[in-house]
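What follows is one structure encoded as structure tokens, with my remarks underneath.
2 protein chains.
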Amino acid sequence: MARSPTVYDVAQAAGVSIATVSFTFSRPSRVKPATRDKVLAAARRLGYVPSASARGLAVGRTKSFGLIFWDGSTPPAGPFDDVNAGLRHFPRWVHEVQYGIERAAWRNGYAIMVGDGDAIDVDTTAVDIAGRVDGLVLLPRMLSPDTLMRVAERIPVVSVTEGADDPHLNSITVDNRQGMTDLVRHLVEVHRIGSAAFVGAAETADYRARFAAFRDVLEQAGIPAASDSMPEAYVCRTDADALDLLNDLRAKGIRVPEDVIVTGFDGLAAGLISRPTLTTVRQPMHVLGVAAVELLLNRIADPESPAEHRRFPVELTIRHSCGCS
Amino acid sequence: MARSPTVYDVAQAAGVSIATVSFTFSRPSRVKPATRDKVLAAARRLGYVPSASARGLAVGRTKSFGLIFWDGSTPPAGPFDDVNAGLRHFPRWVHEVQYGIERAAWRNGYAIMVGDGDAIDVDTTAVDIAGRVDGLVLLPRMLSPDTLMRVAERIPVVSVTEGADDPHLNSITVDNRQGMTDLVRHLVEVHRIGSAAFVGAAETADYRARFAAFRDVLEQAGIPAASDSMPEAYVCRTDADALDLLNDLRAKGIRVPEDVIVTGFDGLAAGLISRPTLTTVRQPMHVLGVAAVELLLNRIADPESPAEHRRFPVELTIRHSCGCS
DNA sequence: CTCTAGAATCTAAGCGCTTAGAATGTAAGC
DNA sequence: GCTTACATTCTAAGCGCTTAGATTCTAGAG
Numbered sequence: 027m028a029r030s031p032t033v034y035d036v037a038q039a040a041g042v043s044i045a046t047v048s049f050t051f052s053r054p055s056r057v058k059p060a061t062r063d064k065v066l067a068a069a070r071r072l073g074y075v076p077s078a079s080a081r082g083l084a085v086g087r088t089k090s091f092g093l094i095f096w097d098g099s100t101p102p103a104g105p106f107d108d109v110n111a112g113l114r115h116f117p118r119w120v121h122e123v124q125y126g127i128e129r130a131a132w133r134n135g136y137a138i139m140v141g142d143g144d145a146i147d148v149d150t151t152a153v154d155i156a157g158r159v160d161g162l163v164l165l166p167r168m169l170s171p172d173t174l175m176r177v178a179e180r181i182p183v184v185s186v187t188e189g190a191d192d193p194h195l196n197s198i199t200v201d202n203r204q205g206m207t208d209l210v211r212h213l214v215e216v217h218r219i220g221s222a223a224f225v226g227a228a229e230t231a232d233y234r235a236r237f238a239a240f241r242d243v244l245e246q247a248g249i250p251a252a253s254d255s256m257p258e259a260y261v262c263r264t265d266a267d268a269l270d271l272l273n274d275l276r277a278k279g280i281r282v283p284e285d286v287i288v289t290g291f292d293g294l295a296a297g298l299i300s301r302p303t304l305t306t307v308r309q310p311m312h313v314l315g316v317a318a319v320e321l322l323l324n325r326i327a328d329p330e331s332p333a334e335h336r337r338f339p340v341e342l343t344i345r346h347s348c349g350c351s
Numbered sequence: 027m028a029r030s031p032t033v034y035d036v037a038q039a040a041g042v043s044i045a046t047v048s049f050t051f052s053r054p055s056r057v058k059p060a061t062r063d064k065v066l067a068a069a070r071r072l073g074y075v076p077s078a079s080a081r082g083l084a085v086g087r088t089k090s091f092g093l094i095f096w097d098g099s100t101p102p103a104g105p106f107d108d109v110n111a112g113l114r115h116f117p118r119w120v121h122e123v124q125y126g127i128e129r130a131a132w133r134n135g136y137a138i139m140v141g142d143g144d145a146i147d148v149d150t151t152a153v154d155i156a157g158r159v160d161g162l163v164l165l166p167r168m169l170s171p172d173t174l175m176r177v178a179e180r181i182p183v184v185s186v187t188e189g190a191d192d193p194h195l196n197s198i199t200v201d202n203r204q205g206m207t208d209l210v211r212h213l214v215e216v217h218r219i220g221s222a223a224f225v226g227a228a229e230t231a232d233y234r235a236r237f238a239a240f241r242d243v244l245e246q247a248g249i250p251a252a253s254d255s256m257p258e259a260y261v262c263r264t265d266a267d268a269l270d271l272l273n274d275l276r277a278k279g280i281r282v283p284e285d286v287i288v289t290g291f292d293g294l295a296a297g298l299i300s301r302p303t304l305t306t307v308r309q310p311m312h313v314l315g316v317a318a319v320e321l322l323l324n325r326i327a328d329p330e331s332p333a334e335h336r337r338f339p340v341e342l343t344i345r346h347s348c349g350c351s
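From first to last, the protein sequence lines are chains A and B.
Numbers 27 to 351, taken from our numbering, label the letters of the first sequence in order.
Numbers 27 to 351, taken from our numbering, label the letters of the second sequence in order.
What follows is the structure in structure tokens.
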């Protein structure tokens, strides 16, 4: 791999100055067609690939967004060769949002740089990524407030999470409370459940909001929130949890929904093909991704614009796992 | 968003030279603890975020890999707000390999820059990405040979696809032929099928290899490869196709495997929770991703090392959709 | 043929960082 | 006090690109 050719090499080969080479690529209309052809020919011949680092340094923008993400699964300890790990790697909420972000960014000419939210030192990773992009999406937010502010002072940042109400930061959220309320009410009013258990730890702001709604509705209805024996309904924190649970129950010979109701939250595509199909609350995951990119673009277009907070509605989606058909 | 502080600002604030600031971050042991603290304090106070562009330009490396990917689905035409699109966005092969690549890269301190293989002008996108990373993974290969060579001359490139036998390029493949052969033999020998249809267009080298194996085994067994009426088995090009088909058939009231056998290829986690579970050929998707990163790292460590071609075995995985239980 | 406006091209100054190699400080040995 | 050997810090030269502003061409007008 020889030293890569630079604008200088191309300029020399084409018999022009480096400025002309640069213009040939950035503003073709400003150079005479004949010259342009000479330059393009030389570039092709030499195998010229412009250095984005140099361009980024010169113009101060990189035309790329960063995405720090944390997928909620314990990082695999050993090597990755166990394909059977299967479900653990199941595409989750975060992957679907990522997909939306990628597509939206691409459509606007931005590339996406993905960083590891599970890294030992997220803050360092985040600063590192922040140094090479024009905007950053946190999925969900998990940086120290200190680092967060530091980064937010340099580039636009948007958190996709509940509870990021800092007036200086952009955020995207869904209506966790409303969604969970609708879901549990359905169980109470239609299926007349007499007990229910919440599955999964309420370890993030989003999960906490869901749990709070779950608890409140049950309280209102005078239904015990937990029981030692099997409850009539397992209300899971996420679809991923619900799908895992469905598998566990099946293995134990417990039927869903005949013996127990199971519900999820998120609206993963997987819930459509599971058996039974999953009653859940759908989030507009791609829309969240698209919106995140939009906020970033807005902020870039007008750096002085105030931070935005958008909350998206969710939709109760009745399928088979609650007993409806 | 004020102008971001640079090494110069930090140096001035800390009363040292820019070299000392740089060393404080890159080789802390080389600066006196007291000085180091002064610099770190100044950096924190100013909200210093180093510019990766500048660093990349100075050192000639960016500590990131590019990934151009093409997910085989028609790019959504309209806006992204139809969550119902569901299955179309289903995590496919490419997403699982991507996952492996991301994890492996992260573990080695590299970030991943993802680019759009579905872009109108993939070649331009690819060159653009190539200009800002230390290595590139093509998933699967879909660049013009011209661009491919041009990029490969500048940075290590690895294609994850069948038929990338160019001696100058690294490649990762699976044994499509063997896998499909095992699968179809199982259908012939165990289930005694009398007819079978291949589902999905053989539009890439991988799909062509699968189709060829399918055809060969049937021919050997003297079984017609297609029929006007419904065949006894639908052998799908991929799991994604098979899962779609499963849904279609269910909607039409056709039972699987009682009325017709359906098989996939890839080993997506979704095949574990579909009903019936999917008989398929599992690819070690994460391993492919990890291997791709490995080849890149090897090449970076020793740029003169010859290109490597690795082919991974696949594994016939019998589940319910073929009639086994 | 000269003049002038506009097109085409070029010169040169950065962008923010790394890192040889030079300069300076410091402490131990004589 | 003077060397010597390191430890510490600094100076300055890039890395490859963009882009004002200067310079040179070109062609139509007079």
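All residues carry an ideal CB built from backbone N, CA and C; glycine is no exception.
Residue-chain proximity (residue i, chain B), Cβ-Cβ < 8 Å
{"i": "T150(A)", "result": "no"}
{"i": "I352(A)", "result": "Absent from the model: residue 352(A). The displayed extent of chain A is 27 to 351, so no value can be given."}
{"i": "I344(A)", "result": "no"}
{"i": "T88(A)", "result": "yes"}
{"i": "H121(A)", "result": "yes"}
Simplified DSSP state of residue i, which is helix, strand or coil
{"i": "A343(B)", "result": "As written in the sequence, residue 343(B) is Thr, which differs from the Ala given in the question. Of the three classes helix, strand and coil, the one that applies to T343(B) here is strand, per DSSP."}
{"i": "D292(B)", "result": "strand"}
{"i": "R118(A)", "result": "coil"}
{"i": "V282(B)", "result": "coil"}
{"i": "T88(B)", "result": "coil"}
{"i": "N134(B)", "result": "coil"}
{"i": "I219(B)", "result": "coil"}
{"i": "S55(B)", "result": "helix"}
{"i": "V163(B)", "result": "strand"}
{"i": "A259(A)", "result": "strand"}
{"i": "V42(A)", "result": "coil"}
{"i": "G297(A)", "result": "helix"}
{"i": "T173(A)", "result": "helix"}
{"i": "T199(A)", "result": "strand"}
{"i": "T187(B)", "result": "coil"}
{"i": "G82(B)", "result": "helix"}
{"i": "Q312(A)", "result": "Looking at the sequence itself, residue 312(A) is His, so the reference to Gln does not match. Residue state, collapsed to three classes: helix."}
{"i": "G141(A)", "result": "strand"}
{"i": "R336(B)", "result": "strand"}
Residue i versus residue j - alpha carbon distance
{"i": "R87(B)", "j": "V183(B)", "result": "15 Å"}
{"i": "G331(A)", "j": "R325(A)", "result": "Here residue 331(A) is Ser; the residue named in the question, Gly, does not match the sequence. Taking the straight line joining both Cα atoms gives about 6 Å."}
{"i": "A131(B)", "j": "V216(A)", "result": "49 Å"}
{"i": "G220(A)", "j": "D265(A)", "result": "23 Å"}
{"i": "R70(A)", "j": "V313(B)", "result": "35 Å"}
{"i": "V307(A)", "j": "A37(A)", "result": "59 Å"}
{"i": "P339(A)", "j": "A295(B)", "result": "29 Å"}
{"i": "M256(A)", "j": "H346(A)", "result": "20 Å"}
{"i": "S90(B)", "j": "R129(A)", "result": "20 Å"}
{"i": "D270(B)", "j": "G297(A)", "result": "14 Å"}
{"i": "V33(B)", "j": "R241(A)", "result": "52 Å"}
{"i": "D267(B)", "j": "S197(B)", "result": "25 Å"}
{"i": "P310(B)", "j": "V47(A)", "result": "45 Å"}
Contact set for residue i: own chain, Cβ-Cβ below 7 Å, skip 5 residues either direction
{"i": "R62(B)", "result": "T50, P54"}
{"i": "M168(A)", "result": "W96, G143, V148"}
{"i": "A156(B)", "result": "G92, L162, V177, R180, I181"}
{"i": "V282(A)", "result": "L272, L275, V288, P302, S347"}
{"i": "D172(A)", "result": "none"}
heavy atom of the ligand SAH below 7 Å from residue i C-beta
{"i": "S351(B)", "result": "Absence of the ligand SAH is noted for the structure shown, with no ligands found whatsoever."}
Below-8 Å beta-carbon distance, residue i vs any chain A residue
{"i": "H194(B)", "result": "no"}
{"i": "S30(B)", "result": "yes"}
{"i": "H335(B)", "result": "no"}
Beta-carbon proximity list for residue i, same chain, < 6 Å, skipping 5 on both sides
{"i": "A235(A)", "result": "E188, N202, R203"}
Proximal residues to residue i (C-beta, below 8 Å), its chain only, five neighbours per side dropped
{"i": "K64(A)", "result": "A40, G41, V42"}
* Using a Cβ-Cβ cut-off of less than 7 Å, give me the residues of the region 63–83 of chain B that come near chain A, in sequence order. => G73, V75, P76, S77, A78, S79, A80, G82, L83
- Check each residue of the region 128–157 of chain B: if its Cβ is closer than 9 Å to any Cβ of chain A, include it; give the result in chain order. E128, R129, A130, A131, W132, R133, A137, I138, M139, V140, G141, D142, D144, A145, T151, V153, D154, I155, A156, G157
message: Tell me which residues of the region 264–296 of chain A have at least one Cβ-Cβ distance to chain B shorter than 8 Å, keeping chain order.
response: L269, L272, N273, G293, A295, A296
- prompt: When you check each C-beta in the region 312–323 of chain B against every C-beta of chain A, which residues fall closer than 9 Å?
  reply: H312, V313, G315, V316
- Residues from the region 157–182 of chain A in contact with chain B, defined by Cβ distance under 7 Å: G157, R158, R176, V177, E179, R180
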